[in-house]
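Asker: Handing you a structure now.
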Amino acid sequence: MSGSAHRLTEGGLIDRRKPLSFTFDGQSYSGFEGDTLASALLGSGVKVVGRSFKYHRPRGILCAGSEEPNALVELRTGARREPNTRATVAELYDGLESQSQNRWPSLAFDLGAVNSLLSPIFVAGFYYKTFMWPAAFWEKVYEPLIRRAAGLGIASHEADPDRYEKAHAFCDVLIIGAGPAGLAAALTAGRAGARVILCDEDFVVGGRLNAERLEIDGAGGAEWARQAEAELRSLADVRVMRRTTVFGAYDAGLSGARTFGALERVSDHLRLPAPHQPRQRLWKIVAARVILAAGAVERPIVFGGNDRPGVMLAASVRTYVNRFGVAPARQAAVFTGGDDGWKTVSDLAAAGIGVAAVIDARAEPPPALLTAAQRLGTRVFAGAHVVDARGSHGIHRISVRTGSRIEHLDVDGLAMSGGWNPCAALTTHVGGRPRWSEAIAAFVPGDLPAGMSVAGAAGGSLALDAALREGAAAGAAAAAAAGFADVPIPRWRTSEDSVSSRALWHVSGCPSKAFVDLQHDVTDGDIALAEREGYRSVELLKRYTTLGMATDQGKTSSLNGHAIMAALTGRSIPEVGTTTARPPYTPVAIGAFAGHHRGKEFKPTRLTAGHAWARQNTEVFVEAGQWLRAQWFPRPGEQDWLESVSREVKSVRSSGGVCDVSTLGKIDIQGADAGAFLDRIYINTFSTVPVGKVRYGLMLREDGFVMDDGTTARLGDAHYVMSTTTANAAKVMQHLEHARQVLWPELDVQIVSVTEQWAQYAIAGPNSRRLLERLLGGVIDLANAAFPYLACAELEWQGVPLRLFRISFSGEMAFEIAIPARYGDALIRALMAAGREFGVIPYGTEALGVMRIEKGHVAGNELNGTTTAADLGLGRMLSKKKDCIGRVLAGRPALLDPERPTLVGVRPVDRKARLYAGAHFLAVGAATTLENDQGYVTSVAYSPMLEGWIGLGLLARGPSRHGERLVAHSPVRGGDTEVEVVSPIFFDPEGTRLHG
Amino acid sequence: MADALTARSAFSCLLVAVGNGRGVTAIDRDGLGLATLAERNGSRSALSQRIREEFRIELPRGPSRAADGDVAFAGTAPGTWLAMRDHGGNAFAAALARSTAGLASVTDQTDGYAVLRLTGPMVRPALAKLVPIDLHPREFAVGSVASTVASHMGVTLWRLPDAGGAAVFEIAVFRSLAESFWHALAEGAAEFGVAIGRPC
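Here the protein sequences come in this chain order: A and B. Counting in our numbering, the final residue of the first sequence is number 1040, and the numbers go up one at a time with none missing. Counting in our numbering, the final residue of the second sequence is number 1587, and the numbers go up one at a time with none missing.
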């Protein structure tokens, strides 16, 4: 059959001068600019486009919009392969490649179709009943098997080469849907001067104006929509966003403005995104007022063979004929529950397509319609139902039942119209409940979220004149509510548009399978089974049968299923109720939510001022929160990290080393009460620290456990600078702000983070003083007498302010030098140059860690939120002369228990053995049970000074047990290691090196 | 010893033009003297008086920026301002501390923040991809200040008088985040084109 036989020669919104070629399952076809993949396939005579989820039945195209349950295809190839794409929303472009999915080996002959023969066992609840045991089989056997058999498309497994981004928009009036109601609303709100955003998921605005033969003020509906769009685009504060789906309504702020999520498909209609263009853009739209004008979705009718290719929704048939110039059939029939389906008869006839019959479930259709049918030579079956459609690869015959009489008609297309469901999902996302409307036999929006109004078909007003009237009024009202002047509300003359939505849910007694949910292959029989087995609530029905749980979220199926359940249980539909719609309205790719936060950009990276220098000297960096820190600096010939780190430790202890410590938190604390403030923050006293001195401090959380530690220097009478650990910098800042603003607003204290202001380097080792003297050249006297351990000073050097601290984490004589960060790069280079003659080396965080373990200094592994000051051997720091945060709760009996695990050092009895952090302490020979647990190893290192592994740990009554032997039990790593409990200070216990 | 120290901008080697360069112009404000000015308890009016005398500027209450000549104060929190002086460098904070001694605490932030000036016909659409606040001229007038997030990074931004028919913003981000910030900005603004303006 040639492609052209399925195209009308004129009409529609396609450009016949611009043919586009595409492939489907490897075969070439052509369509036109303005086509969707679905219209191009239908226009090429392709009826079967996929296999169904469970029974692998051949399926065609049901709809012309985003509600499509059947026509899911894989678009594109390679890394750009996109499974589960609805052909009805995929805009055709030249060179588009598409494949059918869920079939093997081919679409025409699919082995999985054997499932259909086994359908008596694949009923609702099948998985629950069959794959019950053994439970271990679920993950390894059943689930992979089911997923393969009942899967949809296949992801590409390659990294997506395209970009996704996020953006924010704000408006006075957000209008969702650019059909007649939405356009009318945008015109009045926009003319009033309001900031308007008009979104539509389609690539052409106008909604059903493009799909029906309707007129407004004498112009064709599509033409009127073009004019409206042109006017809107001429208004400075109106933004028209095509290809943009508002998928979710979220919380409102204090001002009442509500947040919506929207997905703009920026480049989905192109073979490749243009340079610098994302594929999709995720919008967060904050709107003072919102008008939902999202239209309505037509309902299928549940009858035998209603899933066969060639059975389509009636309005979708009209869309293909009127908008896309496609003839979906040569000889069609229409099956309807009301007047609405009859429009299809006249539209098909106007396009020159034969209409063999209208099957109207009503006993007495309106006489005017009967007359029109007679004129067209179309047979009318009144009070009749279609009970079967036959033809697995495209229907060729339907069976019509009138009373008890069955008649067969040869047709290759069937349009069905079971009424309309307003697209009210966005009214329910923040808790609104829909309301049953007897007038249109559907759920319509009930209580609306604050600031939202509904216009047109989305609110149940299906006719064109009502949509325009309601839209214009809603737009004007929303603009007025946002503070803009009243504008005249235009009245438009519209052509006749009688829409009746009558319930026609289900044809009982059909000879073949009648589908409710086409995407999940749920039949009327499954609903009946659920009813028999007691799953009668809509929520249970949904989960038992998976009704409405597919990617289309039941847009065409849920209400039909609920109506069948209502009939089976003798209840009304409002009594049965309906399930809750949640975001997203249509599927949104995870990539769009991620935006550009992928790979290395997953989170922001913080780089110190010395990073460029470090990058020139090592490639080994470790992530410390968001920071990157040099981990060690390998030298040529070094075999592994241990060799590099050991060399760095030995160099520091024998000569000197420089380490970037800029990442530690630094907080500037000023004010007349700064000292008193610190006394309340730390467990020890800071108001007595002399100007020019540094003190080590420990702070507790309110619950008495240790929060953080660090040194605080007094730079002036009313000026301190605190240092925190890298990990806790932000948390401590918050803690201090809370204390300052909430607990003690009466104290005169001002705090500012200066972590970023100062680049800071530790210079450690016996040559550290010589290095600084060489560098600073007499700006300051660094001799022990003038600048002893724990001294600090502010000075100026080469016109740049410096801060110098004599503090040590390594146990060596050491200094920390701080410089405004813009000079951090210059300073590290100058430090290394000045240290060269002394053999000073750079060292990284690993050597830093080894040296602090050798000295028994606690760090993050010990400050882990479960330790008290006493646990860390620092209990004596707690001043009894003053109060501080955490003091009271630190006195709880459990925190004073002498049995608490307390800081110790451990060494393997076999000095060559390795230790593992996380190993638990057990008595030698004790069973490995929780009751026998005595504590655990918190930090380990290979000590090049002791030439063996050493560790810190928390051991019950630890300090009294030095010399005792225990087992360090590490079942996941090293097994059992016998260890000796020792002092946590392994190296230079007298501290003589510190003072130089 | 040592040669004169060279300051290195946080955006050093990062700012590279993208595309046609017509949409957004970015200017590195390295060297802009920055200081946090926080009033001491009970010194509100005295501090305002001192700033008025010294700089002919009325300290703004709330999130706005007041400027005179090369000095400006941007309100960032109750009783707290980000003070700035063109080319002020670290000396600005020291001078401000002297002139407000006893009335306010001054903390140098010249190196703590990396500041970009952003302008051009597409500066608002470019910023809409970064910050979740409304920059419409009606909502964010000249002189407005906001502390917010840009692509998960804390920022402070303010609007300067329009220039060349385009809105002008300055945006301050913690120095260590300059590379991530520039990446996020440049990636989003690429479709509009990014030019690098001469420092001012």
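Idealized CB from N, CA, C, for every residue including glycine.
Please state if the CB of alanine 340/A and the CB of leucine 506/A are separated by a distance shorter than 8 Å.
Answerer: yes
Asker: For proline 1367/B and chain A, any beta-carbon pair shorter than 8 Å?
Answerer: Any question about residue 1367/B goes unanswered here, given that chain B covers just 1388 to 1587.
Asker: Residues in the same chain with beta-carbon distance under 6 Å from threonine 53/A, minus the five sequence neighbours each way, listed in chain order, please.
Answerer: none
Asker: For isoleucine 260/A, which three-state DSSP category applies?
Answerer: strand
Asker: Classify valine 953/A as helix, strand or coil using the three-state DSSP reduction.
Answerer: coil
Asker: In angstroms, rounded to a whole number, what distance separates the CA positions of valine 733/A and isoleucine 929/A?
Answerer: 19 Å
Asker: Do we get a CB-CB distance below 8 Å when we pair glutamate 1440/B with the residues of chain A?
Answerer: no
Asker: Kindly list the residues whose CB is nearer than 6 Å to the CB of serine 1538/B, restricted to its own chain and excluding five residues on each side of it in sequence; keep chain order.
Answerer: Leu1517, Ala1571
Asker: Would you call phenylalanine 646/A buried or exposed, if buried means 16 or more other Cβ atoms sit within 10 Å of its Cβ?
Answerer: exposed
Asker: Please specify which runs of the beta strand (DSSP E), each continuous and at least 3 residues long, are wholly inside the segment 322-372 of chain A, giving them in chain order.
Answerer: 324-336, 340-342, 355-357
Asker: Here's the rule: buried if 16 or more other CB atoms are within 10 angstroms of the residue's CB, otherwise exposed. What is proline 648/A?
Answerer: buried
Asker: Around the C-beta of threonine 415/A, are 16 or more other C-beta atoms found within 10 angstroms, so that it is buried, or is it exposed?
Answerer: exposed
Asker: In this structure, how does DSSP classify alanine 1380/B when only helix, strand and coil are distinguished?
Answerer: Outside the displayed span of chain B (1388 to 1587) sits residue 1380/B, for which this structure offers no information.
Asker: Taking proline 224/A as the query, report the chain B residues whose CB atoms sit under 9 Å from its CB, ordered along the chain.
Answerer: Going along chain B, no residue has its Cβ under 9 Å from proline 224/A, so there is no contact; the nearest lies around 29 Å.
Asker: For proline 1508/B, which three-state DSSP category applies?
Answerer: coil
Asker: In chain order, what residues of the same chain have a beta carbon less than 6 Å from the beta carbon of tryptophan 1545/B, not counting five sequence neighbours either side?
Answerer: Excluding sequence neighbours, tryptophan 1545/B sits near Arg1452, Ala1461, Val1532, Glu1557.
Asker: Taking the beta strand (DSSP E) that threonine 889/A belongs to, which residues open and close that run?
Answerer: Not the beta strand (DSSP E): threonine 889/A falls in the alpha helix (DSSP H), residues 889-898.
Asker: At which residue ranges does the segment 503-544 of chain A contain complete alpha helix (DSSP H) runs of 4 or more residues, listed in the order of the chain?
Answerer: 508-525
Asker: On the criterion of 16 or more Cβ atoms from any shown chain inside 10 Å, does glutamate 31/A qualify as buried, or is it exposed?
Answerer: Summary: the structure shown does not reach residue 31/A, with chain A confined to residues 45 through 1040, and so no result is reported for it.
Asker: Quick check on arginine 1427/B - is its C-beta less than 8 Å from some C-beta in chain A?
Answerer: It does: the Cβ of arginine 1427/B has a partner Cβ on chain A nearer than 8 Å.
Asker: If you draw a straight line from the alpha carbon of methionine 496/A to that of valine 92/A, how long is it in whole angstroms?
Answerer: C-alpha separation (whole angstroms): 41 Å.
Asker: When you compare the CB of leucine 1434/B with every CB in chain A, is at least one pair closer than 8 Å?
Answerer: no
Asker: Whose CA, out of His313/A, Trp268/A, Ile824/A, Arg270/A, lies closest to the CA of threonine 288/A?
Answerer: His313/A
Asker: Could you pull the DSSP bridge partners for leucine 1421/B from this structure?
Answerer: Met1471/B
Asker: What are the residues in the segment 1562-1582 of chain B lying within 7 Å of chain A by C-beta distance?
Answerer: Arg1562, Ser1563, Leu1564, Glu1566, Ser1567, His1570, Ala1571, Glu1574, Gly1575, Ala1577, Glu1578
Asker: Using a Cβ-Cβ cut-off of 7 Å (strictly less than) and excluding sequence neighbours within five positions of valine 689/A, which residues of its own chain qualify?
Answerer: Trp676, Glu890, Ala891, Val894
Asker: In this structure, does DSSP put tyrosine 726/A in helix, strand or coil?
Answerer: Tyrosine 726/A: strand per DSSP, three-state reduction.
Asker: Between which two residues does the alpha helix (DSSP H) carrying phenylalanine 637/A extend?
Answerer: 634-638
Asker: Quick check on glutamate 1051/A: does DSSP put it in helix, strand or coil?
Answerer: Because residue 1051/A is not part of the residues shown, which for chain A are 45 to 1040, the question remains open.
Asker: What is the DSSP secondary structure of serine 1531/B, counted as helix, strand or coil?
Answerer: strand
Asker: Is DSSP giving tryptophan 480/A helix, strand or coil here?
Answerer: strand
Asker: What residues from chain A crowd round alanine 1515/B, counting only those whose CB sits closer than 8 Å?
Answerer: Ala211, His212, Ala213
Asker: List the endpoints of the continuous beta strand (DSSP E) containing glycine 1541/B.
Answerer: 1540-1550
Asker: Can you tell me the Cα-Cα spacing of glycine 94/A and glycine 621/A, whole angstroms?
Answerer: 32 Å
Asker: Should the segment 539-553 of chain A be regarded as contacting the segment 513-522 of chain A, the criterion being three or more beta carbon pairs within less than 8 Å?
Answerer: no
Asker: Mind listing the chain A neighbours of threonine 1494/B? Cutoff is C-beta to C-beta under 7 Å, in chain order.
Answerer: Those are Asp712, Val796, Val798, listed as they occur along chain A.
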